[in-house]
Amino acid sequence: MIKKTVLAFGALTLLFPAMAFAEDPSGATLNMGLNALWVMLSFILVLLMQGGFILLETGSTRMKNAGHVAGKTIFTTGLAAIIYWAFGYGFAFGGANADNGMNALFGWGDFFFDPAKASVENGLPSTIFFLFQLAFAAVSLSIAWGGFAERAKLASYVVFTVFFIAIIYPTVAHWIWGGGWLFDDGAQDFAGSTVVHLTGALAAFAATVLLKPRIGKFNKDGSANEILGHNQVFTALSVLLLWVGWFGFNAGSTVSVGDGFFGFVAFNTMLGAGAGGVAALLISWAVTGKADITTMLNGTLAGLVAITASCAFVDPWAAVVIGLVAGVLVFYSVKFFEKIKVDDPIYALSVHGAAGIWGTLANGIFATEELATRLNTGRGGLIDTGSWHQLWIQFESVVVVGAFVLAASFLVLGVMKLIMGFRVTEEQEIIGLDLSEHGAYGYPEQMKKSDKHIQG
Amino acid sequence: MGDPVWTQLLARIGSADQVEELRSLRDQVHEQMEALLPTRPVEQFNDYLNEMHDAVISRAVALAETQMARMGMGSPPVPYAYLLFGSGGRKEQTLSSDQDSGVVYEDPVSDSAEVKQYFKQLTDIIVGNLQTSGYPPCEGNVLSNNSEWCLSLSEWRAKLGHWFEEPAWESVRYLLIVADGRGVYGNQDLVDAFKDCFFTDMLNHPIIVRRMLENTMRHKVLLGVFGHLLKERYGADAGSLDIKYGAYIPMVNSIRLMSIHKGIRETATLERIKRLVQTGVLPEADARQYEQAFRIFLRLRLMTTERMENGFYANNGKISSSKLTKEMADELKSSLRIGKRLQRLVMKKTMGRLM
Chain S
233 MIKKTVLAFG ALTLLFPAMA FAEDPSGATL NMGLNALWVM LSFILVLLMQ
283 GGFILLETGS TRMKNAGHVA GKTIFTTGLA AIIYWAFGYG FAFGGANADN
333 GMNALFGWGD FFFDPAKASV ENGLPSTIFF LFQLAFAAVS LSIAWGGFAE
383 RAKLASYVVF TVFFIAIIYP TVAHWIWGGG WLFDDGAQDF AGSTVVHLTG
433 ALAAFAATVL LKPRIGKFNK DGSANEILGH NQVFTALSVL LLWVGWFGFN
483 AGSTVSVGDG FFGFVAFNTM LGAGAGGVAA LLISWAVTGK ADITTMLNGT
533 LAGLVAITAS CAFVDPWAAV VIGLVAGVLV FYSVKFFEKI KVDDPIYALS
583 VHGAAGIWGT LANGIFATEE LATRLNTGRG GLIDTGSWHQ LWIQFESVVV
633 VGAFVLAASF LVLGVMKLIM GFRVTEEQEI IGLDLSEHGA YGYPEQMKKS
683 DKHIQG
Chain R
334 MGDPVWTQLL ARIGSADQVE ELRSLRDQVH EQMEALLPTR PVEQFNDYLN
384 EMHDAVISRA VALAETQMAR MGMGSPPVPY AYLLFGSGGR KEQTLSSDQD
434 SGVVYEDPVS DSAEVKQYFK QLTDIIVGNL QTSGYPPCEG NVLSNNSEWC
484 LSLSEWRAKL GHWFEEPAWE SVRYLLIVAD GRGVYGNQDL VDAFKDCFFT
534 DMLNHPIIVR RMLENTMRHK VLLGVFGHLL KERYGADAGS LDIKYGAYIP
584 MVNSIRLMSI HKGIRETATL ERIKRLVQTG VLPEADARQY EQAFRIFLRL
634 RLMTTERMEN GFYANNGKIS SSKLTKEMAD ELKSSLRIGK RLQRLVMKKT
684 MGRLM
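In order, the protein sequences belong to chains S and R. Residue numbers for the first sequence, in my numbering: 233 to 688. Residue numbers for the second sequence, in my numbering: 334 to 688.
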């Protein structure tokens, strides 16, 4: 027995170096493999951000809708995968019209994407690129759900997923990342302050305006009521999950390992997030007399959203400034939306919208010529070059993307509202969507009492 | 309202035969006083108002005694005093304050159970009479018909001693309530003896001052770090200012703490400030500022939103910021700054002395 084992080991030790020798990978293959691993890991991190959105949205809303809110995120992520595979990816990154003028507006080709099984040397497998891009689309979609929360019909989630993932999001992604006209102009949006966050937030805005505020959010005299979320621990945990996922989101957007530049991107991301949370807590304490936890959590997310566009273009000190401004901005933005009586249950408009705009514009101020040249995208910003050029480009991309997403979302949701209705009935909303849309509560034990109450 | 009219009204309250009559007299006073507030110095207004409340409450107690006699319970078996705590004790009731009350009676020579029973019945009637007169009962159940607050002098002595010995959060709160107590009806010697117990205990337990400070520190002045006013952000009162807990109460707490530490027995805040100057605790000039700030809080507190709740005069202590003119808001802000300074002074004195 022992003899046999020793023999087997001997044979193996002889065999292994021999095998390695036979396969000897080139540097270029190794480079491809490392890129693939890094971006695959990033995709996993970004996909896991859906867990963050589940906790964020359930934590910020009421118990009676918890199961619905959580479940629909999983469902729509699944649906998004199918739609993005069939249509979205082709409109964003299809290269069939790369040589004609239409490419400025949308991509074409690679519908029902059938990728190559292996990648070229020094490259990145297109399968992994697809997955990574899909995860971004799904994040943008989940941001949009913030505007739907606690009162939209389940069917409206299905319809909007189809249009958003097939057309609205891919169009913006193509303009800025897929070789479209804003890309040609040199618009800087490294990981998607505009593409992912602003797009999602504006869809949320269209939805929340068309749906109108939740029952009980505003009083007759226009003053707002605070509809507290049912679990602040969920909300805090969601921010941590998103924060961790963001390292895939931002640092992964280098889509290569290269000389380790993704480390710098991650570094800036961390600074922006920290600064956002600190600034938000301080401003809420200074203005309202209480250090508000929700505001601090929103500030941390706002710092992340803002640094998303600029993480690869600015110096670390600027990342801190961008985060600090985002934290203060999100506090006032929440107050602003309440004042104009727009109900924003998950604070998506402020966290992803206001901070997304700020992050995009911040490039025009803080981007350095050195990093812009390195990334071969646009130029340095106001401080480094003294030129308003890049700020103007950033402004242009915010306005154009904003107008497009708003128009498209209002169109899709408006038509949907006319044809099939958008909002659940008052009774369903009061009972909660868990029961009205799915037939069972997310927290059956806790909800029993009020269930009886409704029947009685 | 001229003084003869006022004297006549007080006389009518003092001779009312029915509780319902008390209520209707109070309603009349309310109608007139609301119009009066802007035209009178706030101190004078406050004195009038509290004179009226004292008259109504005294009469309600007297009527209860008569009712007891008519029911065959006889007259009070021992001398007693009806005590007011809270804003009533401080002679700072608004048009809509609730009942915070207690009773102290002389130690009975014999059959203390029967005496207790008499006062239980009497106070039930008094609290009922006052409810009919529009005074809601205290939410914290500091009420004369609560057996915890209706005691003989020696029982009070034991109870106060116990609170001083074990200054748990709750006990300290009760001690602060007792500090504002004053007799509104009955035997004043008993009230004095009751207060003697309190102040003797105070001398023997100096550490209690610090616990009292901790007990009241959570009421913060309505002033943000940029010197702006902190408004309610959500709900039916969004945009309004919590004058009661954000301006008035912090000042009451600060002055009370300094006063009881000095053994000052006055209960009204403005009177306490005067005595603090006399005893050399506060410099004259500072005291002037505190008085002025306090008057502004008193006036604003009298302006807070009032409403009827189940027949009671109720008030949430908040004032809509749209009701404030620019000048009033500025006045409030500078007064709040003074209030904040006072709070800091008290904190420093208390902590400094004992650390």
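Even glycine gets a Cβ: it sits at the ideal position worked out from N, Cα and C. Source: prediction; values computed, not measured.
Query                                                                                                                                                                                                          : Result
Is there a Cβ from chain S that is less than 8 angstroms from the Cβ of Leu-563 (chain R)?                                                                                                                     : yes
Could you list which residues in chain R have their beta carbon closer than 7 angstroms to that of Thr-520 (chain S), in chain order?                                                                          : Leu-563, Arg-566
Need the endpoints of the beta strand (DSSP E) that Cys-483 (chain R) sits in, please.                                                                                                                         : 483-485
For the 8 angstroms Cβ check, are there 3 or more pairs between the stretch 412-422 of chain R and the stretch 517-526 of chain R?                                                                             : yes
Buried or exposed: Trp-482 (chain R), going by 16 or more other Cβ atoms within 10 Å of its Cβ?                                                                                                                : buried
Let me see if you follow: with CB-CB separation under 8 angstroms, is Asn-457 (chain S) close to chain R or not?                                                                                               : yes
Taking the alpha-carbon positions, what's the Gln-450 (chain R) to Thr-456 (chain R) distance?                                                                                                                 : 10 angstroms
Quick one, which of R:Val-585, R:Met-366, R:Ala-395, R:Arg-392 has its alpha-carbon nearest Tyr-381 (chain R)'s?                                                                                               : R:Met-366
According to DSSP, is Pro-470 (chain R) helix, strand or coil?                                                                                                                                                 : strand
DSSP three-state call for Gln-687 (chain S): helix, strand or coil?                                                                                                                                            : Below a pLDDT of 50, predicted positions are generally treated as unreliable, and Gln-687 (chain S), at 40, falls in that range; no measurement from the model is reported.
Is the beta carbon of Ser-582 (chain S) less than 8 angstroms from the beta carbon of Val-562 (chain S)?                                                                                                       : yes
Just the C-alpha distance for Asn-267 (chain S) and Gly-322 (chain S), rounded to the nearest angstrom, thanks.                                                                                                : 23 angstroms
Looking at the ligand NAD, does it come within less than 7 angstroms of Glu-472 (chain R), judged from the CB to the closest heavy atom?                                                                       : With respect to the ligand NAD, the structure shown offers nothing to examine, as it has no ligands at all.
How many angstroms separate the CA atom of Ile-390 (chain R) from the CA atom of Ser-668 (chain S)?                                                                                                            : 56 angstroms
Could you name the residues of chain S that Gly-672 (chain R) contacts, counting a contact when the two beta carbons are closer than 9 angstroms?                                                              : The premise fails here: Gly-672 (chain R) is roughly 14 angstroms from chain S at the closest Cβ pair, so nothing lies under 9 angstroms.
Identify, in the order they occur along the chain, each residue of the same chain with its Cβ nearer than 8 angstroms to the Cβ of Gly-347 (chain R), setting aside the five sequence neighbours on each side. : Ala-388, Ser-391, Arg-392
Can you pull the DSSP bridge partners for Asn-648 (chain R)?                                                                                                                                                   : R:Glu-639
Could you check what DSSP says for Trp-340 (chain S) in three-state terms: helix, strand or coil?                                                                                                              : strand
Going by the CB atoms, is the gap between Val-637 (chain S) and Ile-400 (chain S) shorter than 8 angstroms?                                                                                                    : yes
Where does the unbroken alpha helix (DSSP H) through Gly-284 (chain S) begin, and where does it stop?                                                                                                          : 259-291
Find the residues of chain R that neighbour Asn-451 (chain S), judging by a C-beta separation of less than 9 angstroms, and give them in chain order.                                                          : Gly-568, Ala-569, Ala-571
Among R:Arg-605, R:Val-524, R:Glu-472, which one has its Cα closest to the Cα of Met-584 (chain R)?                                                                                                            : R:Arg-605
Can we say the stretch 327-343 of chain S touches the stretch 417-425 of chain S, given the rule of at least three CB pairs closer than 8 angstroms?                                                           : no
Considering Cα atoms alone, identify which of R:Ser-477, R:Asp-513, R:Phe-531, R:Leu-476 is closest to His-495 (chain R).                                                                                      : R:Phe-531
For Met-688 (chain R), name the three-state secondary structure that DSSP assigns.                                                                                                                             : Per-residue confidence for Met-688 (chain R) stands at a pLDDT of 42, beneath the threshold of 50, marking its modelled position as unreliable; the derived number appears in the next sentence. Met-688 (chain R) falls in the coil class under three-state DSSP.
For Gly-456 (chain S), write down the residues that DSSP places opposite it in a beta bridge.                                                                                                                  : A small fix is needed here, since residue 456 (chain S) is Ala in this sequence, not Gly. Answer is S:Phe-450, bridged to Ala-456 (chain S).
Whose C-beta lies closer than 6 angstroms to the C-beta of His-429 (chain S) among residues of the same chain, with five residues either side of it excluded?                                                  : Val-537, His-584, Gly-588
Check whether the Cβ atoms of Asn-530 (chain S) and Thr-501 (chain S) lie closer than 8 angstroms to each other.                                                                                               : no
To the nearest angstrom, how far is it from the Cα of Ala-693 (chain R) to the Cα of Val-557 (chain S)?                                                                                                        : Shown here, chain R extends from 334 to 688; a query on residue 693 (chain R) therefore has no answer.
Which of the residues in the stretch 543-562 of chain R, read from start to end, lie with their CB under 7 angstroms from any CB of chain S?                                                                   : Lys-553, Gly-557, Val-558, Phe-559
Within 10 Å of its beta-carbon, does Gln-341 (chain R) have 16 or more other beta-carbons around it, so buried, or fewer, so exposed?                                                                          : exposed
What does the Cβ neighbour count give for Tyr-675 (chain S), buried or exposed, with the cut at 16 atoms within 10 Å?                                                                                          : exposed
Does the stretch 505-525 of chain S touch the stretch 483-493 of chain S, meaning 3 or more C-beta pairs lie closer than 8 angstroms?                                                                          : no
Applying the 10 Å Cβ sphere with the 16-neighbour rule, what's the burial state of Phe-344 (chain S)?                                                                                                          : exposed
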